[in-house]
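Have a look at the structure below, then the notes.
In the working numbering, the protein residues as written are 1356 to 1537.
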């Protein structure tokens, strides 16, 4: 097996093991050059990491995290995904850590069932980034991979949100209307 296969197995099949130095974080968005802005709950990290990355003492703080080269062509990270980030060794003064694992929907579900899911991430995207607008319905937001409900949000992969739902139906309807008018 080549190095690429091992990296793919590590990225897609590993068990999620969050800890105080490698907590679960929510991705707020890409910032270029394989950097992603992440939100981390203060209660999930050690005091040393809190002093270094969160001098204001906020409950949720943001920092930049880098996706390592071995995962760059295997996994894609988008806004709203959850990742495990190694915050123990900062890469630079601006980059607070390195993404060690991108959590898939099945892994998030396993963490929730095992009661290891941090409750602080129930509404991280709306609190930190201010992405929600009053014009969009609460249970479906464009650009988000979540469908909200009263009991919480669930990760779904419902396809491309940029396409209209009835695109093929409208094309077939317009063809049938020409034959009806004759």
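Each residue gets a CB set at the ideal place from its N, CA and C atoms; glycine is no exception.
- Residue 1441 is bridged by DSSP to 1453.
- DSSP lists 1415 as the bridge partner or partners of residue 1396.
- Rounded to the nearest whole angstrom, the CA to CA distance from residue 1463 to residue 1448 is 30 Å.
- For residue 1379, no alpha helix (DSSP H) run applies; the uninterrupted beta strand (DSSP E) run containing it begins and ends at 1379-1387, by DSSP.
- Buried is the label assigned to residue 1394, since at least 16 other Cβ atoms lie within 10 Å of its Cβ.
- For a cut-off of 8 Å, the C-beta gap from residue 1439 to residue 1377 is around 5 Å, short enough to register as a contact.
- For the pair of segments examined, the stretch 1391-1411 was found to touch the stretch 1427-1443: the number of CB pairs separated by less than 8 Å reaches three.
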